[in-house]
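**Q** Okay, here's the structure, questions in a sec.
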Ligand code: PGA
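Rendered as structure tokens:
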């Protein structure tokens, strides 16, 4: 059985107090979520250490949104995977389209980050997804396939640990969701691509959908056979909405 996961990507939102209140809200509503759904939240770096204990007690996974592509040393402003593990993070989002677009992340830097995250026993939530022009040019399969190269180069043991998030860039923060048919089509393509290298393990890989997922459209998306949950941006900033999405399986 594949793990069902709903992960909240807070991006660069919330002061510490706001983040603490959001976690309190999520924790207080969590009892209404089925036991087989794993909840994960990814607050900004500054909040991780102080939120870790309450989340751990509540059985909610703590994730970072990024990490450095170096182990340690003279990289002013960077945060290492080891530091994240040391404050209780269990997951790290990598390769989000905003990181690829605004911070120039490439397959090469992402391969370094994925390796460091795995070495520190964190689970990478590895994001892929095409831009609007790429979809319109019918290049979405090819684009996603080339982004998946990073995880196709992992060892079988490491590959078995990862989570994939498919997030079409044109659907992120735009209110424009992929249809459930579009999501299923590309999720199935992702699984097929992964299974060509990792036959059995790819059946167990959780593939999350992200991009304007909300309490209204989540049920239809999550009902697709190859959609195993969601990576949620805007709707994850309101506890009731995040929980309602997690109740949509
Ligand atoms: P959104 O963001 O739900 O606000 O579209 C999703 C994401 O970028 O992870």
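Numbering (my numbering), first residue to last: 6 to 254. A virtual CB, placed ideally from N, CA and C, is assigned to each residue, including glycine. In this text, all values refer to a predicted model and were calculated from it rather than measured experimentally.
Over the uninterrupted beta strand (DSSP E) stretch that includes residue 12, give me the two end residues.
**A** Start at 1 with the first residue of the chain shown, and residue 12 comes out as number 7. Taken as a continuous stretch (DSSP letters only), the beta strand (DSSP E) holding residue 12 covers 9-14.
**Q** Check whether the Cβ atoms of residue 56 and residue 38 sit closer than 8 Å, and answer yes or no.
**A** Here residue 56 corresponds to residue number 51 of the chain shown, with the count starting at 1. Here residue 38 corresponds to residue number 33 of the chain shown, with the count starting at 1. Going by C-beta atoms, residue 56 is not nearer than 8 Å to residue 38.
**Q** Residue 194: which of 182, 207, 45 sits nearest, CA to CA?
**A** Taking the first residue of the chain shown as position 1, residue 194 is located at position 189. Here the closest residue by C-alpha is 207.
**Q** Taking the DSSP output, what are the residues bridged to residue 43?
**A** The sequence position of residue 43 within the chain shown is 38, counting from 1. Answer by DSSP bridge pairing, in chain order: 10.
**Q** My output table needs one value for residue 235: the three-state DSSP class, helix, strand or coil.
**A** Mapped onto the chain shown, residue 235 falls at position 230. Strand.
**Q** Output the distance between the C-alpha atoms of residue 77 and residue 110, rounded to the nearest integer angstrom.
**A** Here residue 77 is taken as the residue at index 72 of the chain shown, counted from 1. Here residue 110 is taken as the residue at index 105 of the chain shown, counted from 1. For residue 77 and residue 110, the distance between alpha carbons rounds to 19 Å.
**Q** Could you name each continuous beta strand (DSSP E) segment of 3 residues or more that falls completely within the region 181-246, going from the start of the chain to the end?
**A** 212-215, 234-237
**Q** Starting from residue 24 and walking both ways along the beta strand (DSSP E), at which residues does that stretch end?
**A** Stepping through the chain shown from its first residue, residue 24 is reached at position 19. Premise fails: residue 24 lies in the alpha helix (DSSP H), 21-34, not in any beta strand (DSSP E).
**Q** Determine the extent of the beta strand (DSSP E) in which residue 69 is found, giving its start and end residues.
**A** Position 64 of the chain shown holds residue 69. Boundaries of the beta strand (DSSP E) around residue 69: 66-69.
**Q** When the Cα of residue 73 is compared with those of 63, 62, 86, which residue comes out closest?
**A** Walking along the chain shown from the start, residue 73 turns up at place 68. Measuring from the Cα of residue 73, the nearest candidate turns out to be 86.
**Q** Can you tell me the Cβ-Cβ gap for residue 67 and residue 93, rounded? I've got them flagged as a contact below 8 Å.
**A** Along the chain shown, one-based indexing puts residue 67 at 62. Along the chain shown, one-based indexing puts residue 93 at 88. The pair is a contact, with the Cβ atoms about 6 Å apart (cut-off 8 Å).
**Q** For my contact list, residue 13 and residue 237 are in at a C-beta cut-off of 8 Å; report their separation, rounded to the angstrom.
**A** As a working mapping, residue 13 is identified with position 8 in the chain shown. As a working mapping, residue 237 is identified with position 232 in the chain shown. The C-beta distance from residue 13 to residue 237 rounds to 5 Å, short enough to meet the 8 Å contact threshold.
**Q** Residue 84 and residue 50 - do their beta-carbons sit closer together than 8 Å?
**A** Within the chain shown, residue 50 is the residue found at index 45, counting from 1. Within the chain shown, residue 84 is the residue found at index 79, counting from 1. Yes, the pair counts as a contact, with Cβ atoms nearer than the cut-off.
**Q** Taking DSSP as the reference, what is the three-state secondary structure of residue 55?
**A** Position 50 of the chain shown holds residue 55. The three-state secondary structure of residue 55, taken from DSSP, is helix.
**Q** DSSP beta-bridge partners for residue 170?
**A** Translated into positions along the chain shown, residue 170 becomes position 165. Note: residue 170 sits in a beta bridge opposite 132, 213.
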